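Numbering (the numbering used here), first residue to last: 2 to 577.
Take a look at the structure:
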């Protein structure tokens, strides 16, 4: 444990549970439903409303070997290729073999996917997939339908939820096991202000950290809170340098900030072409799959063409779809484009890459366990090893689904042992209070990250980013030390900004260390992939003095999250 905590008032209320799930996307709600079905008292904490997470923004769909002639082995092959040598093969095997039945259970929960006249699920294709294996709903509203089904099920089963609540820090017992979380509830309600949920199992399903960049497809709530909490709790994070920039995000101008409209990869899967201002298909000849190459390759192809031509964006041409196909297959994207003054039925869509998905996160094993006993992570906040250096399109919803089920099963299997050893949270002796950033620093962090650690990176750009982030960090520490700077007051905006700085520093530290180009990590000064030196992972921990401990694994395999002595102790507890 680091002993580091966010500066916040002491909890003014507390509730007890067997498991607390932080986040309400596909991963969090799947864990909650499965734990509830196992008879566990489950509490879901979510930052906004239940359906406000990243899941509902997912357009393309969920990948699984559901079609005739497709197999988990073929899905695995495509995933491993996209992951550029850093996927954990056991994790990928679990994903692709358990995925089809997990999707069927999702359908049984109430999710309605698009089907043909015979009732067979319609499947499309996306980048990196050699087969049509992407199930979709509402044309391009898959995430919204999955979220609707899971939220309805949570309400129907009366799972206890706390909405509009920002999680702050992990609580632990005297042995260092997770014992719940502190949180701040925004607005008046049954619980208000800072409180706590006491539980011997804590599941982080907080989503991504896209808001660390100026332009992203992520919603405003994606501020890296789960990764920052895990770091302060002493957990290891891994592969944070592998941030996927979605190739085709609607270009709204060079100064556009915040959440940008996504133009799903499924549009290219159905036959749209990437072209420059002259109408030239520049991806043809760069990869055997052209526009359907893995996302990192397409994003790099777009950036290279933009750089060659001095252009701010490229175009996605799908005029040949016609109005009827646009309206039936991609109604959400069509509406977004028209809202911003573009009509894809009659003109090419201006697109450019923007921050989209974090392939790295809080390091877990195949049961979602982190390096802190009792703390689990799943979904985008986790690093299961499935995605490696670059996520294969539409594997994210499936990963959240499959590993959420695995976590719930592990929690249920160990529930009896946890109850026998359950202990109350203990205050840490002389906790190191983390000074809070002024919310105004948020835009500075985003600007630094976009310039220095975006799609194109180099030693010089990353060094400058690190220096500027350290300066922001020192300003906050100086405010706490009384040298004239004033530290920010506790509050949602200052907590979020402080979390963003934390994950930004880790991302830049990892990106500086990885001196190669691999997957979605592109170093201009090291343009080649170097398997001999870098087919391995970077693992980062936060030290008690707030410095970052960055180490490299010996091979491309992750070390275990639970050490042998802890495993033996856990077995004894379960047998007792």
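Every residue, glycine too, gets a C-beta built ideally from N, C-alpha and C. As the structure is a computational prediction, the values presented were derived from the model and not from experiment.
No Cβ-Cβ contact shorter than 7 Å links residue 446 with residue 508. The DSSP-derived three-state label of residue 246 is strand.
DSSP places residue 197 in no alpha helix (DSSP H) but in the uninterrupted beta strand (DSSP E) bounded by 194 to 199. If only complete runs of 3 or more residues are kept, the stretch 335 to 383 shows the beta strand (DSSP E) at 350 to 359, 362 to 364 and 376 to 378, in order along the chain.
Shown here, residue 405 sits in a helix according to DSSP, grouped into three states.
CA-CA distance, residue 353 to residue 40, rounds to 47 Å.
If you look at residue 179, you'll find it in the beta strand (DSSP E) that goes 179 to 186. DSSP links residue 108 through a beta bridge to no other residue. Between residue 293 and residue 128, the C-beta gap is smaller than 7 Å, which places the two residues in contact. The Cβ atoms of residue 85 and residue 391 lie closer than 7 Å to each other. Three or more Cβ pairs closer than 8 Å define a contact, and the stretch 366 to 381 meets that threshold against the stretch 199 to 213. When beta bridges are read from the DSSP output, residue 259 appears opposite 216. Contact between the stretch 229 to 239 and the stretch 256 to 276 is absent: fewer than three C-beta pairs spanning the two stretches fall below 8 Å. Residue pairing by DSSP places residue 239 opposite 362 and 540 in a beta bridge. Assigned with DSSP and collapsed to three states, residue 274 falls in strand.
At the C-beta level, residue 553 and residue 539 come within 7 Å of one another. Residue 124 is bridged by DSSP to 136. Contact annotation: residue 455 and residue 465 have beta-carbon atoms that are not nearer than 7 Å.
For residue 17, the enclosing beta strand (DSSP E) covers residues 15 to 17. In the three-state reduction of the DSSP assignment, residue 553 falls in the strand class, which pools E and B. For residue 43, the uninterrupted beta strand (DSSP E) run begins and ends at 43 to 46, by DSSP. Rounded to the nearest angstrom, the gap between the Cα atoms of residue 255 and residue 525 is 22 Å. A contact between stretches requires three or more CB pairs, one per stretch, nearer than 8 Å, and the stretch 364 to 372 fails this requirement with the stretch 324 to 334. For the pair residue 107 and residue 72, the Cα-to-Cα distance works out to about 20 Å.
Annotation for residue 79: the continuous alpha helix (DSSP H) segment containing it runs 73 to 83.
In this structure, residue 356 and residue 217 form a Cβ contact; the two beta carbons are roughly 4 Å apart against a cut-off of 8 Å.
In chain order, 12, 169, 170 and 197 place their CB closer than 6 Å to the CB of residue 183, counting only its own chain and leaving out the 5 sequence neighbours on each side. Residue 64 is bridged by DSSP to 135. According to the DSSP assignment, residue 493 belongs to the alpha helix (DSSP H) that extends over 493 to 514. Counting C-beta atoms within 10 angstroms of its own C-beta, residue 420 has fewer than 16 neighbours from the protein chains shown and is therefore classed as exposed.
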